[in-house]
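Novice: Structure provided below as structure tokens; questions to follow.
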Amino acid sequence: QIQELASDFLSNYIFLAVGRVGSTSENITQTILWVYEPDKRSYLLDLLSSIRDGPEYTKDSLTLIFVETKKGADSLEEFLYQCNHPVTSIHGDRTQKEREEALRCFRSGDCPILVATAVAARGLDIPHVKHVINFDLPSDVEEYVHRIGRTGRMGNLGV
């Protein structure tokens, strides 16, 4: 759509792409696990424990969890907090100050788990995101590619 719009308004425009347009980075290992809805939270706890207890885990190993709704972000953050995971969240109903504080806490590693809606996470460039978890599947492929693109940046590996 952007290319069509550019051709309508610009003469002799140049489209420049680095890498493959609409594809994922080669530095990202993708794993798909189908989990029934009633089992998702329990499985997430197991997954987060295996990440935390893994040999490559450091304070800088950040995990970004995507959900579809603001209510889902609040609910999952509260659940993980009650299970003693250092977690914070961002979504569109948070004030700018709350979002900035959540991102500061996440970037510093004080809260190495961030639960976010896709809209709230748009444009974020956070180093050291090692894992991206799609707790709720996105509605389309472009959104999926954008979400997992939060890891595997600048030559770093991501899962």
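In this text, residue positions in the sequence shown follow UniProt numbering: the first is 1, and each later residue adds one.
Using N, Cα and C, we set each Cβ at its ideal position, and we do this for glycine too.
Treat the numbers as computed from the prediction; the structure is a model and nothing was measured.
1. For a cutoff of 9 Å on Cβ pairs, would you count residue 31 as touching chain B?
2. What is the DSSP secondary structure of residue 35, reduced to helix, strand or coil?
3. Could you tell me which whole alpha helix (DSSP H) segments of length 4 or greater appear in the region 55-125?
4. Going by the DSSP bridge assignment, what does residue 131 pair with across the sheet?
5. Kindly indicate which three-state DSSP category residue 22 falls into: helix, strand or coil?
6. Let's test the definition: count the other Cβ atoms within 10 Å of the Cβ of residue 97 and tell me whether it reaches 16, buried, or not, exposed.
7. Quick one: residues in its chain with C-beta nearer than 8 Å to the C-beta of residue 74, no 5 flanking neighbours on either side, listed in chain order?
8. How big is the Cα-Cα spacing for residue 5 and residue 122?
9. What does the Cβ neighbour count give for residue 111, buried or exposed, with the cut at 16 atoms within 10 Å?
10. Tell me whether the beta-carbon of residue 113 lies closer than 9 Å to the beta-carbon of residue 87.
11. Sorted by chain position, which residues of the same chain lie with C-beta nearer than 8 Å to residue 33's C-beta, five sequence neighbours on each side aside?
12. Measure the beta-carbon distance from residue 136 to residue 72 and round it to whole angstroms, keeping in mind my assumption that it falls under 8 Å.
13. Are the CB atoms of residue 80 and residue 45 nearer to each other than 9 Å?
14. State the DSSP-derived secondary structure class of residue 46, mapped to helix, strand or coil.
15. In whole angstroms, what separates the C-alpha of residue 41 from that of residue 63?
16. Using C-beta distances below 7 Å, list every residue in its chain close to residue 140, excluding the 5 sequence neighbours before and after it, in chain order.
Specialist: Looking at the coordinates:
1. In summary, chain B is missing from the structure at hand, where a single protein chain is found.
2. If you number the sequence shown from 1, residue 35 lands on position 35. Of the three classes helix, strand and coil, the one that applies to residue 35 here is coil, per DSSP.
3. Counting only unbroken stretches of 4 or more residues, the alpha helix (DSSP H) elements lying wholly within the region 55-125 are 70-82, 96-108 and 118-121, in sequence order.
4. For the purposes of this step, residue 131 is identified with residue 131 of the sequence shown, where counting begins at 1. Partner residues in the beta bridge of residue 131, as assigned by DSSP, are 63.
5. Along the sequence shown, read from residue 1 onward, the residue named residue 22 stands at position 22. The predicted model places residue 22 with a pLDDT of 46, which falls under 50 and marks its position as unreliable; any figure quoted below should be read in that light. If DSSP states are grouped into helix, strand and coil, residue 22 belongs with coil.
6. Position 97 of the sequence shown, counted from the first residue, corresponds to residue 97. Its Cβ having fewer than 16 others within 10 Å, residue 97 is exposed.
7. Against the sequence shown, residue 74 aligns to sequence position 74. Scanning its chain for C-beta atoms nearer than 8 Å, with the 5 sequence neighbours on each side dropped, one finds around residue 74 the residues 89 and 91, in chain order.
8. Numbered from 1 along the sequence shown, position 5 holds the residue referred to as residue 5. Numbered from 1 along the sequence shown, position 122 holds the residue referred to as residue 122. Taking the straight line joining both Cα atoms gives about 22 Å.
9. Here residue 111 is taken as the residue at index 111 of the sequence shown, counted from 1. By the 16-neighbour rule on beta-carbons within 10 angstroms, residue 111 is buried.
10. Position 113 of the sequence shown, counting from 1, holds the residue named residue 113. Position 87 of the sequence shown, counting from 1, holds the residue named residue 87. In this structure, residue 87 lies closer than 9 Å to residue 113 by Cβ.
11. For the purposes of this step, residue 33 is taken as residue 33 along the sequence shown, with counting starting at 1. Excluding the 5 residues flanking it on each side, residue 33 has same chain C-beta neighbours closer than 8 Å at 43, in chain order.
12. Along the sequence shown, one-based indexing puts residue 136 at 136. Along the sequence shown, one-based indexing puts residue 72 at 72. Between the beta-carbon of residue 136 and that of residue 72 there is about 6 Å, and that keeps the pair under the 8 Å contact cut.
13. For the purposes of this step, residue 80 is taken as the residue at position 80 of the sequence shown. For the purposes of this step, residue 45 is taken as the residue at position 45 of the sequence shown. Taking 9 Å as the Cβ cut-off, residue 80 and residue 45 qualify as a contacting pair.
14. Counting from one through the sequence shown, the residue named residue 46 turns up at place 46. Residue 46 falls in the helix class under three-state DSSP.
15. What you label residue 41 is simply residue 41 of the sequence shown in a count that begins at 1. What you label residue 63 is simply residue 63 of the sequence shown in a count that begins at 1. Distance between the alpha carbons of residue 41 and residue 63: 15 Å.
16. The residue labelled residue 140 in the question sits at position 140 within the sequence shown. Nothing meets the Cβ criterion.
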